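Take the position in the sequence shown, starting the count at 1, then add 4; the result is the number in our numbering.
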Amino acid sequence: MIGWGVIGVGDVTEVKAAPEIFRAPDSDVVHVMRRDADKARDFAERHGVLRWSTDARAVIDDPDVTAVYVATPTATHAEYAIAALEAGKHVLVEKPMAMSSVECRRMVEAADAADGRLWVAYYRRALPRFDRIRELLGAGTLGRLLSVQTTWRKPADFTGWRWDPQVNRGGEFYETACHTLDVLDHLLGPASAAAGTVSSDGHAVAATYRFGDVVASGSWAFGTPDGLEETVIAGEKGTLSFASFSPTPIRVVRRDLSEGESTQLYEVSDPPHVHGPLVATILDELRGTGRCPSTGRTALRTAELMDAILEP
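What follows is the structure in structure tokens.
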């Protein structure tokens with residue numbers, strides 16, 4: 005039996021990574037933790053989990069726990085993940101992987117030393133709509149790829165933990181842009197030659213980087229009156245546009261010399277619990293029948309890219 009312990013049962017574990025996605029004939033959530041005892045008990049009772057605690061160490065030391073899911077704010081990811089790995093557990097940790105690539109590297113080293121598995125919840129690597137994008141690119145739909153451009157602007161009131169430097173580094177950019185940068189790594193390969201510039205208050209970020217010979221750039225602005233979130237991959241035969249944060253249709257525009265311009269939309273919905281497909285790959289890996297596409301090493305690359313942008 006694959007026994008899961010969850011450290012930090014808050015909003016993410018209610019919606020995106022609910023206990024249901026860990027449940028199978030050979031897998032179940034056996035222990036959950038939250039610092040607020042009433043909320044920990046309530047979560048356990050509503051989701052049918054037998055044990056709950058206010059102490060992360062109790063989850064880590066539970067002999068029935070095979071793997072620990074760390075779903076706390078970013079500042080505690082490294083601490084809990086390393087402790088669990090050193091205790092002989094496998095670990096799935098929320099994104100961003102940690103507060104810096106230095107912490108991420110320590111986590112990878114701890115996994116290697118313990119011969120444990122370390123995965124990061126960059127769940128887009130397993131979502132069906134990004135599988136469809138990989139298929140379209142792999143089929144040569146856009147021809148030779150030339151560039152990638154990400155644009156994201158949104159209203160913001162700059163309150164909450166995402167803007168608290170004690171628990172999160174780099175404001176909302178650090179918590180959210182990593183999703184797009186990680187999935188581009190998945191689609192196009194590792195990034196290189198990264199550089200960035202950040203406004204003095206952290207409300208705006210601009211960056212350049214490349215994926216092989218494909219040049220790329222992005223701009224993020226928080227506190228604008230309107231919103232737009234889009235990534236456009238351009239090639240010699242056409243463009244492909246997608247949103248990272250909502251299952252809007254994938255849009256492919258192609259131009260043919262004989263037939264002119266054509267537009268095709270690909271509608272691929274997300275599952276009710278978006279972490280589900282990624283967790284399914286983790287369960288397969290633990291069974292010895294597959295591999296998870298989001299590992300400590302792939303997430304370390306994303307962390308190094310984020311560092312290069314924020315600390316030019």
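All C-beta atoms in this analysis are idealised placements derived from N, C-alpha and C, irrespective of residue type, glycine included.
Because the structure is a prediction, the values reported are computed rather than measured.
Beta carbon proximity, residue i to chain C, threshold 8 Å
i	result
Pro23	No chain C is part of this structure, which consists of one protein chain only.
Length of the line joining the Cα atoms of residue i and residue j
i	j	result
Ile11	Ala48	12 Å
Arg27	Ala71	13 Å
Ser248	Val236	11 Å
Tyr270	Thr80	39 Å
Thr76	Val13	8 Å
Lys99	Tyr178	10 Å
Gly239	Cys108	34 Å
Thr201	Asp311	11 Å
Gly216	Leu191	12 Å
Gly227	Asp205	11 Å
Ala117	Pro23	29 Å
Arg128	Met101	15 Å
Among the options, nearest to residue i - alpha-carbon criterion
i	options	result
Arg157	Lys20, Arg166, Arg133, His207	His207
Val33	Arg129, Asp42, Val74	Val74
Glu233	Thr243, Ser273, Pro251	Pro251
Thr163	Val97, Glu315, Glu176	Glu176
Tyr84	Arg110, Pro67, Ile137	Arg110
Val36	Ala102, Ala125, Ile64, Asp205	Ile64
Ala225	Thr78, Tyr127, Leu146, Ala160	Ala160
Thr154	Ile25, Gly174, Thr228, Cys182	Cys182
His94	Pro253, Val171, Val112	Val112
Val152	Val209, Asp119, Trp167, Gly222	Gly222
Gln170	Thr78, Glu107, Val124, Gly239	Thr78
Ala143	Thr306, Ile313, Lys241	Lys241
CB of residue i within 8 Å of CB of residue j, strictly
i	j	result
Thr285	Arg295	yes
Leu122	Thr293	no
Pro281	Ala130	yes
Leu149	Thr243	no
His277	Ile25	yes
Leu314	Ala198	no
Residue i in three-state terms, based on DSSP
i	result
Thr180	helix
Leu269	strand
Arg148	coil
Leu96	strand
Val53	coil
Ser31	strand
Leu131	coil
Ser104	coil
Val13	coil
Practice task
Would you check if there are 3 or more beta carbon pairs closer than 8 Å linking the segment 252-267 to the segment 48-58?
Solution key: no
Practice task
Check whether the segment 213-232 touches the segment 127-147, taking contact to mean three or more Cβ pairs, one atom from each stretch, closer than 8 Å.
Solution key: no
Handout entry: Validate contact between the segment 85-105 and the segment 254-261 using beta carbons, cut 8 Å, 3 pairs
Key = no
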